[in-house]
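Chains as they are written, first to last, in numbering that gives the first Met the number 0: chain S, 0 to 417; chain V, 0 to 417. Report on the structure given below.
Number of protein chains: 2
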Amino acid sequence: MSTQFDVVALCQAARLASRQLAQLTESQKNELLLAMADGLVAAMPQILAANALDMANARTNNLASAMQDRLLLTEARLQQLAQAVRHIAALPDPVGQIRQMQPRPNGIQVGKMRIPLGVIAMIYEARPNVTADAGALCLKSGNAVILRGGREALQSSLAIAEVLQQVLSDHQINPAAISVLPDPDRAVLLTLLQQQSTVDLVIPRGGEGLIRFVSEHSKIPVIQHYKGICHLFIDKAADVEKGLALLLNGKTQRPGVCNALETLLVHQAIADEFLPIAAKALASAEVQVYCCDKSITYFENAQAASPTQFDTEYLSLAMSVRVVSDFAQAVAHIEQHSSGHTEVICTQDISRAQRFIKVINSAVVMVNASSRFSDGGELGLGAEIGISTSKLHAYGPMGLESLTTEKYIVIGDGQVRL
Amino acid sequence: MSTQFDVVALCQAARLASRQLAQLTESQKNELLLAMADGLVAAMPQILAANALDMANARTNNLASAMQDRLLLTEARLQQLAQAVRHIAALPDPVGQIRQMQPRPNGIQVGKMRIPLGVIAMIYEARPNVTADAGALCLKSGNAVILRGGREALQSSLAIAEVLQQVLSDHQINPAAISVLPDPDRAVLLTLLQQQSTVDLVIPRGGEGLIRFVSEHSKIPVIQHYKGICHLFIDKAADVEKGLALLLNGKTQRPGVCNALETLLVHQAIADEFLPIAAKALASAEVQVYCCDKSITYFENAQAASPTQFDTEYLSLAMSVRVVSDFAQAVAHIEQHSSGHTEVICTQDISRAQRFIKVINSAVVMVNASSRFSDGGELGLGAEIGISTSKLHAYGPMGLESLTTEKYIVIGDGQVRL
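Have a look at this one:
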């Protein structure tokens with residue numbers, strides 16, 4: 000198109016709407032969310048028709064079948080989507096929580112109150128479910144949201160957003176509180192990323208390319224999550240049974256996700272005991288292994304690890320294996336190769352368990368538990384808006400609280416500074 | 000100089016040192032800080048000699064007298080500086096705190112542990128005291144720090160840093176944990192701001208020009224604090240005595256700082272009662288006022304407010320005054336003109352006090368207390384590393400906790416995901 004969509008006006012409208020949202024009570028927000036869930040079910044015919052257009056385009060453009068599967072909406076999937084929105088309604092509202100209200104020596108009371116960030120921009124790929132999910136999470140936390148999904152899902156996203164906006168309008172809420180960027184052009188995205196005066200946070204969800212593009216071009220703070228190179232360290236005091244279960248679960252239960260294991264580190268003192276069993280189990284699960292020169296002798300059909308092997312996120316039934324001489328070498332390996340996502344130690348030794356927790360500063364550090372638990376739902380956040388592997392503002396799985404900040408509140412009785 | 004100082008290597012060394020710092024216990028850090036305080040006192044002759052070089056340059060370059068005053072070190076000021084470092088040693092250490100450790104249904108225990116951010120870059124002006132102060136705050140919170148002060152204070156800063164580094168070396172701590180950028184060239188600063196792989200956070204302290212320069216050029220997250228346009232709203236139910244005290248204290252106790260008042264808003268129902276007294280008091284204090292057309296009639300020697308008047312940070316004995324028709328207009332005025340720093344309501348009406356706290360989302364929102372309390376020391380943070388007026392990561396006065404983040408920790412007994 001020759002004239003660009005007015006994304007600046009969209010952001011300003013969202014900023015205005017955010018003021019109204021910030022003042023809603025939890026009951027009001029829950030009422031909106033439940034109405035949205037009902038609305039999504041009621042509007043199934045329209046949403047499925049819009050999705051059929053996206054699917055037809057996807058077939059014409061020979062979109063990869065995995066992407067087509069993510070794009071596809073069905074009655075069952077829409078019911079799940081509505082259920083997810085109802086689930087978000089049931090989560091506790093972080094907004095308005097007050098903590099640490101304490102008197103100062105002069106009698107003023109000082110505390111902190113949790114408030115919404117304001118306006119969030121979500122940048123994601125061709126997943127229409129994120130439109131409803133992110134819209135609901137931002138609403139529950141009192142934030143306006145601008146949704147910019149992949150162009151392949153645009154018709155589906157617009158149809159879903161129409162339902163959400165209708166509910167807002169029906170309840171006298173400014174519909175600019177949830178809006179879908181209707182123009183998938185990259186130039187429009189670039190303009191969006193310059194709106195630091197109206198947008199408070201950008202959350203990109205998707206592949207590394209998308210996240211790097213957003214991080215590089217954004218003037219707005221970005222919550223980044225690049226990749227998950229998660230490590231399992233089998234300590235010399237490991238329980239071999241547990242270690243094997245953590246290995247198989249971490250690598251094979253769902254290999255294509257960021258909390259799957261990519262690297263197995265084994266203490267040399269337990270290598271003779273652990274690796275033969277591990278080799279057998281990994282072979283049964285058809286996991287391709289890339290080994291250091293010490294571990295390779297335990298495997299059939301293993302390949303030698305190349306110099307960059309230990310920086311590889313396979314996202315498939317493949318993994319790197321290394322025998323380490325001691326605890327310190329395991330820590331040094333993780334410090335060098337970790338992406339800051341999730342690391343696991345398997346040990347029965349409480350001192351080394353404590354030390355691992357202390358020295359490893361990835362977003363999630365585990366003792367004797369599967370890396371696959373590293374997700375908002377499993378860790379008890381109720382819902383997940385993303386995972387941050389950078390330490391600012393949020394670190395690790397992000398729930399509703401990550402979409403808020405705290406202001407100071409001060410109650411006095413006329414005190415002045417001397 | 001023709002070859003640029005190797006700032007990349009400096010940042011890498013700081014990153015390495017940060018791993019050692021993160022593992023120190025509170026006692027170890029306090030021992031270092033107390034030794035640094037003693038070291039600053041013992042090295043007085045060398046530090047004062049270095050400062051004399053800076054002062055001679057300052058006089059040669061006709062530096063403004065206020066800047067010369069900030070630059071000057073004396074025996075008394077160095078004693079204060081050492082005392083400030085001892086005070087930081089006495090603050091509680093946030094690192095290692097664990098909260099919300101709770102079981103999940105499958106028996107894993109999930110909680111959060113506070114950890115240092117890693118490497119902080121402080122960018123500031125010609126204030127040698129910041130070198131010791133920021134160095135001590137970063138050390139106490141387990142972070143390595145790169146200090147880049149104004150070139151006018153370079154010799155003083157290097158002399159102070161030498162003391163701090165000597166203490167580190169004496170205790171077998173990598174001295175790269177605290178380093179001063181020895182090259183004040185802007186090109187070096189620009190290179191520093193690109194080191195996002197080794198530096199976690201940039202904190203600029205100083206004038207708006209410095210902060211904008213850093214924000215615009217940094218690839219590293221920046222904590223921003225532009226300006227403080229702080230408002231006092233005299234509600235119709237205000238206690239006039241308290242209102243007058245808050246006005247005078249907020250405007251005149253120290254007009255040159257960001258938590259001083261810049262704008263007085265008065266509810267029209269109390270204008271006849273409040274403004275004549277306020278006019279008299281402000282005139283006695285020699286405050287120049289810039290008035291809306293309703294308030295101007297109450298003042299002698301007032302000037303009419305220009306269109307940009309209410310966006311002005313005077314930092315001097317001057318302020319803007321406006322009569323508002325009601326509570327809503329006061330809130331709308333603040334939303335439009337606030338810099339997000341500090342706003343105060345003076346009222347005896349609990350409903351409007353609560354409403355003000357709820358709807359105003361500046362970093363610090365106060366009822367019946369002076370805006371001058373908006374500072375880390377006064378709010379009970381113990382020390383202040385800066386003030387953030389952007390909502391990400393930290394909002395408002397920043398203490399030691401702002402230099403940390405939280406990782407998730409998970410303790411299981413072999414649990415896997417089903």
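Using N, Cα and C, we set each Cβ at its ideal position, and we do this for glycine too.
- Of the residues S:Q252, S:Q223, S:V198 and S:L71, the one whose Cα lies closest to the Cα of M397 of chain S is S:Q223.
- Within the segment 397-414 of chain V, contact with chain S at the beta-carbon level (separation under 8 Å) is assigned to T404, E405, K406, Y407, I408, V409, I410, G411, D412, G413 and Q414.
- N248 of chain S sits in a helix when the DSSP states are folded into three classes.
- E405 of chain V: member of the beta strand (DSSP E) spanning T403 to Q414, first to last residue.
- Under the three-state reduction of DSSP output, R18 of chain V falls in the helix class.
- With respect to the 8 Å criterion, A158 of chain S and V144 of chain S are not classified as neighbours on the basis of their beta carbons.
- Along the length of the segment 289-371 of chain S, whole beta strand (DSSP E) runs at least 3 residues long occupy 317-323, 341-345 and 363-368, reported in chain order.
- Sequence-distant Cβ neighbours of S324 of chain S in its own chain, meaning closer than 7 Å and more than five residues away, are Q267.
- Unbroken beta strand (DSSP E) stretches of 3 residues or longer found wholly inside the segment 27-115 of chain S: 97-102 and 108-115, given in chain order.
- Chain-ordered, the chain V residues with CB closer than 8 Å to the CB of D238 of chain S read G413.
- DSSP lists V:V118 as the beta-bridge partner residues of A143 of chain V.
- In this structure L32 of chain V does not touch L72 of chain V by the C-beta definition: roughly 20 Å separates them, more than the 8 Å allowed.
- Counted as a single uninterrupted DSSP element, the stretch harbouring R211 of chain V is not any beta strand (DSSP E) but the alpha helix (DSSP H) occupying residues E207 to H216.
- Three or more beta-carbon pairs drawn from the segment 404-415 of chain V and the segment 362-371 of chain S are found closer than 8 Å, and the two stretches are therefore classed as touching.
- Under the three-state reduction of DSSP output, T197 of chain V falls in the coil class, being neither helix nor strand.
- T59 of chain S counts as exposed, since fewer than 16 other beta carbons sit within 10 angstroms of its beta carbon.
- L260 of chain V sits in a strand when the DSSP states are folded into three classes.
- Residue pairing by DSSP places I386 of chain S opposite S:P396 in a beta bridge.
- Membership of I269 of chain S in the alpha helix (DSSP H) is indicated by the continuous run Q267 to S283.
- By the criterion of a C-beta distance shorter than 8 Å, Q67 of chain S is surrounded in its chain by M54, A57 and R58, once the five residues flanking it on both sides are discounted.
- Interface residue (Cβ-Cβ distance to chain S less than 8 Å): I107 of chain V is classified as such.
- Residue burial annotation: I228 of chain S is buried, with at least 16 other C-beta atoms found within 10 angstroms of its C-beta.
- Flagged as an interface residue toward chain S: Y394 of chain V, by a C-beta distance shorter than 8 Å.
- The beta carbon of A304 of chain V is closer than 7 Å to those of Y289, C290, C291 and S319 in its chain, skipping five residues each way along the sequence.
- Here H216 of chain V has L189 and L192 as same chain residues with Cβ atoms under 7 Å from its own Cβ, once five neighbours each way along the sequence are excluded.
- With the criterion set as a beta carbon lying under 8 Å from some beta carbon of chain S, the members of the segment 369-394 of chain V are S369, R371, F372, S373, E377, L378, G379, S389, K390, L391, H392 and Y394, in sequence order.
- Per the C-alpha coordinates, the member of V:G38, V:I87 and V:M121 positioned closest to A382 of chain V is V:I87.
- Taking 8 Å as the threshold, the shortest C-beta distance from Q101 of chain S to chain V falls below it.
- A244 of chain V places its beta carbon 8 Å or farther from that of R351 of chain V.
- Look at R253 of chain S here: in three-state DSSP terms it is coil, with no helix or strand label.
- Interface with chain V (8 Å Cβ-Cβ cutoff): M43 of chain S is excluded.
- Taking a C-beta distance under 8 Å as the contact criterion, K357 of chain V and Q22 of chain S qualify as a contact pair.
- In the DSSP assignment, L417 of chain S falls outside any beta strand (DSSP E) and carries neither an H nor an E.
- Under the 8 Å criterion on CB atoms, R18 of chain V is classed as interfacial with respect to chain S.
- The way I'd put it, the segment 172-182 of chain V doesn't touch the segment 198-215 of chain V; fewer than three beta-carbon pairs between them come closer than 8 Å.
- Taking a Cβ-Cβ cut-off of 9 Å, P275 of chain V has no neighbours in chain S, whose nearest Cβ is about 20 Å from it.
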